[in-house]
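Visitor: Encoded as structure tokens, here's the structure I'll be asking about.
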Amino acid sequence: MTGPHSAPVRSSVRKDSVEEELRFLRNRVRELEGERDAANRRLHELHASVAPGYPQIGIHPIGPPSPVPNPPNTDAFRASWIARTEARKRKYCSLNRAGNALCAWHDSRRERRAYPPRMAPPGHLNCGCTFEEALFEESLARHNIGSRHPGESVRMDPALRNPLLKLLEQRYRYRDGDFERDPITGTWVEGEGHAPWETRASSGSSKKREDDRRS
Ligand SMILES: [Zn+2]
1 MTGPHSAPVR SSVRKDSVEE ELRFLRNRVR ELEGERDAAN RRLHELHASV
51 APGYPQIGIH PIGPPSPVPN PPNTDAFRAS WIARTEARKR KYCSLNRAGN
101 ALCAWHDSRR ERRAYPPRMA PPGHLNCGCT FEEALFEESL ARHNIGSRHP
151 GESVRMDPAL RNPLLKLLEQ RYRYRDGDFE RDPITGTWVE GEGHAPWETR
201 ASSGSSKKRE DDRRS
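Be aware that the sequence shown starts at 1, since it is given in full-length UniProt numbering, and climbs by one per residue.
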């Protein structure tokens with residue numbers, strides 16, 4: 001007689017346990033597939049709800065037009081991004097004691113300000129630049145595109161800086177922080193999360209004193 005029942009007891013036991021394990025593994029695969037589907041659905045919901053217009057998975061048949069990676073879609077990362085940008089605004093867009101906030105370019109010139117002290121509309125500096133333009137100026141400078149320091153010869157003229165920002169925003173959905181994210185993972189490169197920026201923003205008093213002297 002041949003067949004499974006003729007096998008010795010030991011291997012039959014082994015076979016049962018192998019079958020049991022297979023059953024277990026198949027169930028586990030199904031569970032994980034379910035979790036993956038749920039996670040993918042959540043991913044799409046988050047893309048749609050939080051960053052409308054940000055490059056989304058699947059809408060570009062040949063891939064997104066942007067080399068910028070999609071950010072990790074977690075509430076924690078999104079919160080970190082917002083906190084980081086707010087800290088940078090505190091550092092680079094706050095009023096000095098004279099009631100002026102200026103981008104580095106306009107700070108170095110003696111031109112008439114677009115708005116009198118404390119009169120800039122929300123999101124704008126007294127020089128007329130927006131907060132985003134001022135943060136972009138700083139982001140460019142840290143990548144050696146124009147210096148922010150007075151006296152250094154290569155500066156990023158707002159006449160170039162602002163249309164470049166607009167182009168990056170329109171074409172690549174650029175947002176402040178994109179240059180500081182890891183190209184593969186989309187997360188912050190070292191030292192660029194919200195926490196270090198909050199520290200820098202709260203210890204920006206020496207920079208502020210410098211600004212006060214200048215205005
Ligand atoms: Zn300006």
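Quick reminder that beta carbons are idealized off the backbone N, C-alpha and C, glycines included.
As the structure is a prediction and not an experimental result, all values here were calculated from the model.
Would the C-beta of W81 count as close to ligand 1, meaning under 7 Å from any of its heavy atoms?
Guide: What you label residue 81 is simply residue 81 of the sequence shown in a count that begins at 1. Result no, Cβ not under 7 Å from ligand 1.
Visitor: Are R161 and E137 touching if we call contact CB-CB under 8 Å?
Guide: Indexing the sequence shown from 1 puts residue 161 at position 161. Indexing the sequence shown from 1 puts residue 137 at position 137. Their beta carbons are under 8 Å apart, which means R161 touches E137 by this criterion.
Visitor: Which residues bound the alpha helix (DSSP H) around Y92?
Guide: Counted from its first residue, the sequence shown places residue 92 at position 92. D75 to C93 is the span of the alpha helix (DSSP H), which, as asked, contains Y92.
Visitor: Quick one, which of R41, S17 and P72 has its alpha-carbon nearest D182's?
Guide: Counting from one through the sequence shown, the residue named residue 182 turns up at place 182. The option with the nearest alpha carbon to D182 is P72.
Visitor: Touching or not, the segment 191-206 and the segment 81-89, by the rule of three or more beta carbon pairs under 8 Å?
Guide: Yes, the segment 191-206 touches the segment 81-89.
Visitor: Can you give the beta carbon distance from A134 to Y92, rounded, assuming they're within the 8 Å contact cut?
Guide: Counting from one through the sequence shown, the residue named residue 134 turns up at place 134. Counting from one through the sequence shown, the residue named residue 92 turns up at place 92. Yes, A134 and Y92 are in contact; Cβ-Cβ is about 5 Å, under 8 Å.
Visitor: Opposite T130 in the DSSP bridges: which residues?
Guide: Your numbering for residue 130 matches position 130 in the sequence shown. H124.
Visitor: Apply the 10 Å Cβ neighbour rule to G3 and answer buried if 16 or more other Cβ atoms are within range, or exposed otherwise.
Guide: Walking along the sequence shown from the start, residue 3 turns up at place 3. With a pLDDT of 47 at G3, under the threshold of 50, the predicted position of this residue should be treated as unreliable, and no value is reported.
Visitor: Return helix, strand or coil for N144, following the three-state DSSP convention.
Guide: For the purposes of this step, residue 144 is taken as residue 144 along the sequence shown, with counting starting at 1. DSSP places N144 in coil when its eight states are reduced to three.
Visitor: I believe S94 touches A101 by the beta-carbon criterion, under 8 Å. Please report the beta-carbon distance rounded to the nearest angstrom.
Guide: Locating residue 94 in the sequence shown gives position 94, counting from the first residue. Locating residue 101 in the sequence shown gives position 101, counting from the first residue. That belief holds up - the Cβ atoms of S94 and A101 are roughly 6 Å apart, short of 8 Å.
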